[in-house]
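K.L.:
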DNA sequence: TCTCTTAGCGCG
DNA sequence: AAAGCGCGCTAAGAGA
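Numbering (our numbering), first residue to last: 10 to 618.
(1) Tell me whether residue 545, by its Cβ, gets closer than 7 Å to a heavy atom of the ligand MG.
(2) Consult DSSP for residue 358 and reduce its assignment to one of helix, strand or coil.
(3) Is DSSP giving residue 491 helix, strand or coil here?
(4) Would you mind reading off the limits of the alpha helix (DSSP H) that contains residue 86?
(5) Report the three-state DSSP secondary structure of residue 25 (helix, strand or coil).
(6) State buried or exposed for residue 63, treating a residue as buried only when at least 16 other CB atoms are found within 10 Å of its CB.
(7) Alpha carbon to alpha carbon, how far is residue 410 from residue 79?
(8) Residue 491: buried (16+ other C-beta within 10 angstroms of its C-beta) or exposed?
(9) Give the secondary structure of residue 339 by DSSP, where H, G and I count as helix, E and B as strand, and everything else as coil.
(10) Below 8 Å between beta carbons: does that hold for residue 390 and residue 573?
(11) Please give me, in chain order, every unbroken run of the beta strand (DSSP E) with length at least 3 that falls completely inside the stretch 66–143.
(12) Mind reading off the beta-carbon distance from residue 179 to residue 56? Whole number of angstroms is fine, and I expect it under 8 Å.
(13) Let's see if you can read the secondary structure: which residues bound the beta strand (DSSP E) around residue 607?
(14) Runs of 3 residues minimum, wholly inside the stretch 382–441: which ones carry the beta strand (DSSP E) assignment?
(15) Would you kindly work out how many angstroms separate the C-alpha atoms of residue 145 and residue 516, rounded to a whole number?
(16) Between which two residues does the alpha helix (DSSP H) carrying residue 48 extend?
(17) Excluding the five sequence neighbours on either side, which residues of its own chain have a C-beta within less than 7 Å of the C-beta of residue 300, listed in chain order?
(18) Quick one: using the 10 Å Cβ neighbour count with 16 as the cut-off for buried, is residue 19 buried or exposed?
(19) Relative to the alpha-carbon of residue 81, which residue among 109, 50, 93 and 533 has its alpha-carbon at the smallest distance?
(20) By how many angstroms is the C-alpha of residue 512 removed from the C-alpha of residue 325?
(21) Which runs of the beta strand (DSSP E) at least 3 residues long sit entirely within the stretch 175–230? Give them in chain order.
(22) Residue 617 and residue 401 - do their beta-carbons sit closer together than 8 Å?
(23) Check the DSSP bridge columns for residue 512 and list the partner residues they point to.
(24) Tell me which residues share the same chain as residue 615 and place their Cβ nearer than 6 Å to its Cβ, disregarding the 5 neighbours each side in the sequence.
What follows is the structure in structure tokens.
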């Protein structure tokens with residue numbers, strides 16, 4: 010298709026669009042846009058680099074693809090710049106760096122624009138805004154899609170046809186449908202932005218939007234940087250897992266009389282072979298009432314000979330299936346590293362989520378995590394917030410016992426354990442059953458755990474046996490010890506039952522589901538605010554490391570991992586300590602920050618922790 | 001054959 | 001009256 014001016018129809022209007030292939034036209038259009046006052050809507054289409062044309066989903070990776078089209082809408086006209094033919098990179102970048110922009114899923118475009126050479130772009134995101142508003146309005150995410158295509162239908166009532174999105178954007182001669190589609194995208198973003206303003210105002214979401222918007226920059230850099238994978242070590246781990254898996258599978262194959270060990274087969278076998286007495290006590294699943302075949306159930310019945318191989322089988326099946334080869338498949342062929350997606354407001358509390366692969370749920374043991382490595386000659390420096398959620402609960406409730414404990418640098422779990430067991434605090438060692446018990450109690454009870462669940466939780470999570478009576482007594486004691494926390498909880502749940510709305514410190518609003526409001530009403534302000542402190546830390550950190558050789562490596566809710574050369578180790582530690590402490594104080598100006606941030610370092614992630 | 005749901009489990 | 005929360009990924013089964 011040649012350079013041309015055409016009309017696209019969107020929201021019952023015909024909008025002039027221009028497909029730009031020549032530098033002289035580009036110059037004139039950039040000049041017009043430079044004179045624009047306000048926020049421009051932007052979108053990009055990407056094409057795989059020639060050598061990765063056949064690589065699956067290469068167009069989504071800024072390392073395997075490049076920008077083909079940049080589309081900008083100024084409220085009057087849609088400009089489609091074709092970078093395959095236009096040479097004016099510097100002018101375009103100047104435009105990007107000068108004006109303010111709005112995009113849908115802006116981090117995606119920003120990654121490519123950064124690779125194109127842009128240093129910093131003022132960039133809003135309609136996807137983030139949509140998330141913030143929909144979390145405030147709808148009790149669940151069920152059936153809601155945050156894609157631009159979906160929002161055109163649901164919000165603008167003006168469907169767009171995304172067939173073109175997955176088309177071949179590397180073909181020099183684009184079809185009219187492709188160019189037409191690309192011209193519509195920024196118009197849709199513009200219109201969404203217009204409508205969303207009311208929502209942000211209505212729910213007073215400006216502060217949380219500002220934070221999440223700023224957080225886009227460190228998150229973008231983190232994704233571009235990625236994490237290194239020690240493929241040899243990881244492969245060795247996988248082989249060890251498989252050996253154990255096959256050994257246990259062999260035993261099970263004999264017992265079950267089949268080569269295919271599935272949950273259904275295990276259930277059948279258990280039903281037919283367990284003695285009636287054991288069967289009557291065997292746990293069943295939540296919704297369908299089937300026999301439980303979870304690893305934790307098996308570990309409860311390990312005294313039965315047959316259950317032993319089941320426990321092992323389950324464990325190593327999970328490791329192999331979830332944390333095995335997939336990781337190696339995620340290694341980017343260009344960078345040799347893994348570049349996960351991090352989803353801003355991925356959780357309704359406001360937490361980040363991570364996917365493809367999820368870098369936030371990798372097993373904790375050193376032997377597993379040591380496969381994540383920095384670039385050659387570099388180290389990892391990390392810091393995590395110590396007991397951030399308990400601290401936030403303390404700040405919310407201003408519970409004196411809780412806050413004093415942190416002020417004095419004492420261990421909250423030990424204090425609780427001492428109180429409950431009647432022992433002196435010096436007798437409650439770290440790792441002792443009393444302290445483990447208390448830890449389960451503190452974390453669970455913050456979010457409304459009951460005596461019933463507490464028993465199974467203590468056993469499952471911490472291997473601590475607690476009777477119902479003991480649990481009830483412990484809960485009462487806990488509420489007496491932290492009585493201000495308790496009254497905050499009572500206020501909070503009473504308020505949320507009435508309003509079905511929970512909020513965070515930065516003003517994120519979560520509409521609670523009528524059938525799941527109780528626990529969430531306690532959890533949302535705490536987990537949500539903790540995640541805001543995390544985001545603020547990343548923002549602070551981003552400004553400190555910009556222009557240095559310190560890079561963002563990973564973020565796991567309350568932990569930030571940096572990558573740098575060894576001689577920058579102390580700088581990186583200071584960056585983390587300051588960024589995180591400041592973030593906490595930005596949220597709670599009179600907050601207690603003793604022993605708040607715990608830094609460490611190592612040659613790989615496992616060792617650094 | 002495909003899509004959706006359920007159960008289960010890794011992390012915080 | 002009582003009630004822990006938040007994710008993403010996988011396999012298997014159900015439904016169309």
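We treat Cβ as the ideally placed atom computed from N, Cα and C, and that holds for glycine.
P.N.:
The relevant details are as follows:
(1) In the structure on display, the ligand MG does not appear, and there are no ligands present to speak of.
(2) Locating residue 358 in the first chain gives position 349, counting from the first residue. The answer is coil: DSSP assigns residue 358 none of H, G, I, E or B.
(3) Position 482 of the first chain holds residue 491. In this structure, residue 491 counts as coil in the three-state DSSP scheme.
(4) Counting from one through the first chain, the residue named residue 86 turns up at place 77. Premise fails: residue 86 lies in the beta strand (DSSP E), 86–91, not in any alpha helix (DSSP H).
(5) Counted from its first residue, the first chain places residue 25 at position 16. DSSP places residue 25 in strand when its eight states are reduced to three.
(6) Counted from its first residue, the first chain places residue 63 at position 54. In summary, residue 63 is exposed, with fewer than 16 beta-carbon neighbours lying within 10 Å of its beta-carbon over all protein chains present.
(7) Position 401 of the first chain holds residue 410. Position 70 of the first chain holds residue 79. The alpha-carbon separation between residue 410 and residue 79 amounts to approximately 57 Å.
(8) For the purposes of this step, residue 491 is taken as residue 482 along the first chain, with counting starting at 1. By the 10 Å Cβ count, residue 491 comes out buried.
(9) Sequence index remark: in the first chain, residue 339 carries index 330 (1-based). Correct three-state label for residue 339: coil.
(10) On the first chain, residue 390 is found 381 positions in, with the first residue counted as 1. On the first chain, residue 573 is found 564 positions in, with the first residue counted as 1. For residue 390 and residue 573, yes; Cβs fall inside 8 Å.
(11) 74–82, 86–91, 109–112 and 131–134
(12) Locating residue 179 in the first chain gives position 170, counting from the first residue. Locating residue 56 in the first chain gives position 47, counting from the first residue. Yes, they are in contact, since the Cβ atoms of residue 179 and residue 56 sit about 4 Å apart, within 8 Å.
(13) The residue labelled residue 607 in the question sits at position 598 within the first chain. Counting along the chain, the beta strand (DSSP E) containing residue 607 begins and ends at 606–611.
(14) 387–394
(15) Translated into positions along the first chain, residue 145 becomes position 136. Translated into positions along the first chain, residue 516 becomes position 507. When rounded, the distance between both Cα atoms is 10 Å.
(16) Sequence index remark: in the first chain, residue 48 carries index 39 (1-based). Where residue 48 is concerned, there is no enclosing alpha helix (DSSP H), although the beta strand (DSSP E) it sits in stretches over 48–57.
(17) Translated into the one-based positions of the first chain, residue 300 becomes position 291. The residues are 276, 279, 280, 291 and 293.
(18) On the first chain, residue 19 is found 10 positions in, with the first residue counted as 1. Residue 19 is buried by the Cβ-count criterion.
(19) Taking the first residue of the first chain as 1, we reach residue 81 at position 72. Answer by Cα proximity: 50.
(20) Looking up residue 325 in the first chain gives position 316. Looking up residue 512 in the first chain gives position 503. When only Cα atoms are considered, residue 325 and residue 512 end up about 40 Å apart.
(21) none
(22) Your numbering for residue 401 matches position 392 in the first chain. Your numbering for residue 617 matches position 608 in the first chain. No, the Cβ-Cβ distance between residue 401 and residue 617 is not below 8 Å.
(23) Position 503 of the first chain, counted from the first residue, corresponds to residue 512. DSSP output for residue 512 lists 518 as bridge partner(s).
(24) Indexing the first chain from 1 puts residue 615 at position 606. The residues are 375, 378 and 379.
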